[in-house]
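Position 340 of the sequence shown, counting from 1, maps to 347 under the working numbering, and the rest follow consecutively.
All C-beta atoms in this analysis are idealised placements derived from N, C-alpha and C, irrespective of residue type, glycine included.
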Amino acid sequence: MSRVILCRFGELFLKSGNRRRFEGVLHKNMRRAVAGIDGARVEPVHGRVFVHVPDDAAALEAAERLQRVFGLVSVSIAAVTGADLDQITAAAVTLADRERQLCRPASFKVEARRTNKAFPHPSLDIARHVGGRIIEATGLAVDVHQPELRVGIEVATDRAFVYAGARAAPGGLPVGVSGRALLLLSGGIDSPVAGWLSAKRGLALDAVYFHSPPYIGEKSRDKVMTLGHQLARWQALDSITVVRFTETQKRLREVGPPELAVVLYRRMMMRIADVLADTLHADGLVTGENLGQVASQTIQNLTAIQAAARRVVLRPLVTYDKVDTVNLARRIGTYDTSVLPFDDCCSLFVPRHPATAARIQDAERAEARMDVAADVAAAVASAERIMLTPAGEGSGQSEGRGAARPAIVDLPP
Ligand code: ATP
Ligand code: MG
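This is how it looks when you write it as structure tokens:
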């Protein structure tokens, strides 16, 4: 039997003047999400979106993917029947019986609504009628306040939908409606979460990873690629650009006081990221920085780091407790990768007691002893861009944003 996934989006943007544009982006993202599922078709209807699939297996796969689409708040897998009370009742009884066997709910409730006011039975009558048949067929008890199984019924003009409950989707805004930003992605716990939160606010993202071979091994690079693929499952990342950072780090060690090392690294990261962002048409930078989490992340140090950037630096985790970040990383699916024990370049040549209140003029004094522009240019020239593909999309897409791009390498999904 053919299935429909009912997809609900937040009322937030129903009210906004951007509604049409937001919905257009949401539909495009949903099509991307179900691409590759045979026979899947996205049908926008008033106030939500239906995704048609040919069978149960496709429905489960599509629902799982749609649960990772920002802008949707919930999805339900529904059976489609004619707009006819007998057909609706039969489908609801079958569904309730299957749920009884699978999940053993103690109680149920029927929630009916009709968008087709010409349908001869009011919503309450539908619920009562169907509820009665479900009791007869399954022996389940009704609980209208806290049912363990909610049987949903919606009657449209020429068809009706019957479903059990709703699965949560992440909410937020459709990826892309807020523009594009460049995420500084390390192998840690924080930056993937910061990227996910930015995507949730509608930002499309590319990432840059600063790599320092041979001090930092290939395992660290692979780890960042794995994190990138995990974010791509949420459409939260389109590409990762790997920049060689070894020479810059060595030079900074020569010119700067050791206690400023981390701030100097970050300032160079900002400058290099800004140049890459020009090419990628990204309007902001995103980091996983957090206030006070490590000695180097003080408001003075963040100020010294920000001063080197031309763009706004978004720090979605600035107010987060670590435990909240960790919980979110688990939900996103990046945590287990993030805790793999491979070094990041920020641990290179760093003293035990880094400066906690770096001053911009001290950083500038150190940088005056080197050719900053030449270093930025060399790092940018080393850049290698790897495109990421979300689940279901064919690999190798490259949609020609911007002319001068770093080398593109396709990675299998
Ligand atoms: P994370 O868990 O994201 O590594 P963290 O709490 O360990 O963050 P730091 O290591 O001090 O903090 O890094 C702060 C931020 O700087 C990171 O969240 C990331 O945005 C950026 N960053 C650090 N190292 C790199 C790197 N090698 N490549 C790209 N960005 C980096
Ligand atoms: Mg880190």
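Check each candidate in the options and name the one with the smallest Cα separation from residue i.
i: Ala375; options: Leu287, Gly295 and Pro264; result: Pro264
i: Arg27; options: Pro51, Ala42 and Arg105; result: Pro51
i: Arg10; options: Ala167, Arg105 and Arg72; result: Ala167
i: Glu196; options: Ile339, Ala176 and Ala42; result: Residue identity check: residue 196 is Ile in the sequence provided, not Glu. Ile196 has its Cα closest to that of Ile339, out of Ile339, Ala176 and Ala42.
i: Asp473; options: Ala47, Leu395 and Thr310; result: Look at the range of the chain in this structure, 8 to 420, and you will see that residue 473 is not part of it.
i: Arg337; options: Leu267, Pro199 and Leu212; result: Pro199
i: Glu161; options: Asp150, Arg187, His128 and Arg174; result: His128
i: Ala362; options: His288, Ala316, Ala268 and His136; result: Ala268
i: Arg429; options: Gly46, Ala90 and Ala99; result: Not covered by the structure: residue 429. The range shown for the chain is 8 to 420.
i: Thr145; options: His136, Arg107 and Arg120; result: Arg107
i: Leu180; options: Val319, Arg359, Asp343 and Val32; result: Val32
i: Leu147; options: Gly186, Arg105 and Arg120; result: Arg105
i: Leu395; options: Ala86, Phe356, Met232 and Gly159; result: Met232
i: Val76; options: Ala42, Val319 and Asp93; result: Ala42
i: Ala173; options: Asp382, Phe16 and Val387; result: Phe16
i: Ala239; options: Val270, Pro220, Gly202 and Glu261; result: Gly202
i: His136; options: Tyr272, Leu92 and Phe29; result: Leu92
i: Glu391; options: Arg318, Val301, Leu287 and Gly24; result: Leu287
Tell me residue i's beta-bridge partners as DSSP assigns them.
i: Lys116; result: Arg157
i: Ser205; result: BP columns for Ser205 are empty, so no partner.
i: Met37; result: Beta-bridge pairing links Met37 to no other residue.
i: His425; result: The question about residue 425 has no answer here: the residues shown for the chain are numbered 8 through 420.
i: Met232; result: In DSSP, Met232 forms no bridge with anything.
i: Tyr170; result: Ala85 and Gly159
i: His136; result: For His136, which the question treats as bridged, DSSP gives no partner whatsoever.
i: Tyr216; result: Val249
i: Val182; result: DSSP output for Val182 lists no bridge partner at all.
i: Ile12; result: Val58 and Ile84
i: Ala380; result: Paired residue(s): none; Ala380 is not in a bridge.
i: Leu189; result: Asp213 and Leu292
i: Ala175; result: Ser81
State buried or exposed for residue i, treating a residue as buried only when at least 16 other CB atoms are found within 10 Å of its CB.
i: Ala411; result: Annotation note: pLDDT 30 at Ala411 (below 50); position unreliable, no value reported.
i: Gly194; result: buried
i: Asn308; result: buried
i: Pro413; result: The pLDDT assigned to Pro413 is 31, lower than 50, so where the model puts this residue is not dependable, and the model offers no usable value.
i: Val82; result: buried
i: Thr122; result: exposed
i: Gly78; result: buried
i: Thr164; result: exposed
i: Cys14; result: buried
i: Arg111; result: exposed
i: Ile415; result: With a pLDDT of only 33 at Ile415, under the threshold of 50, the placement of this residue in the model should not be trusted; the figure read from the coordinates follows. Flag for Ile415 reads exposed.
i: Ile393; result: buried
i: Leu190; result: buried
i: Arg322; result: buried
i: Val49; result: buried
i: Pro419; result: For Pro419, the predicted model reports a pLDDT of 29, less than 50, meaning its position is unreliable and no value from the coordinates is stated.
i: Ala381; result: exposed
i: Ala69; result: buried
i: Gly46; result: exposed
i: Gly24; result: exposed
For a quick check, are the C-beta atoms of residue i and residue j less than 9 Å apart?
i: Thr332; j: Leu234; result: no
i: Val182; j: Gly209; result: yes
i: Val250; j: Ser389; result: yes
i: Arg55; j: Glu118; result: no
i: Gly138; j: Lys116; result: yes
i: Ser114; j: Pro61; result: no
i: Ala40; j: Gln237; result: no
i: Leu292; j: Val325; result: no
i: Ala314; j: Arg372; result: no
i: Ala171; j: Ile84; result: yes
i: Gln74; j: Ala206; result: no
i: Glu266; j: His360; result: yes
i: Thr253; j: His218; result: yes
i: Asp281; j: Ala316; result: yes
i: Leu347; j: Lys257; result: no
i: Asp351; j: Ile223; result: yes
i: Ala5; j: Thr305; result: The structure shown has nothing for residue 5, since the chain only spans 8 to 420.
i: Ala86; j: Leu102; result: yes
i: Val80; j: Ile12; result: no
i: Leu204; j: Ala188; result: no
i: Phe349; j: Arg260; result: no
i: Ile312; j: Val387; result: no
i: Leu131; j: Leu192; result: no
With a threshold of 8 Å (Cβ to nearest heavy atom), would residue i be considered close to the ligand NAP?
i: Phe252; result: This structure lacks the ligand NAP; the ligands present are the ligand ATP and the ligand MG.
Of all Cβ atoms in chain D, is any one closer than 9 Å to the Cβ of residue i?
i: Ala316; result: Reference to chain D is not applicable here, since this structure consists of a single protein chain.
For this session: Within the segment 236 to 299, note down every full beta strand (DSSP E) run reaching 3 residues or more, in order along the chain.
Result: 246 to 251 and 291 to 293
Exercise. Along the chain, which unbroken stretches of the alpha helix (DSSP H) at least 4 residues long are found entirely within the segment 40 to 123?
Worked result: Listed in chain order, the alpha helix (DSSP H) runs fully inside the segment 40 to 123 are 63 to 73 and 92 to 110, counting runs of at least 4 residues.
Problem set entry | Those runs of the beta strand (DSSP E) which lie wholly inside the segment 308 to 372 and span at least 3 residues | Within the segment 308 to 372, the complete beta strand (DSSP E) runs of at least 3 residues are 319 to 321.
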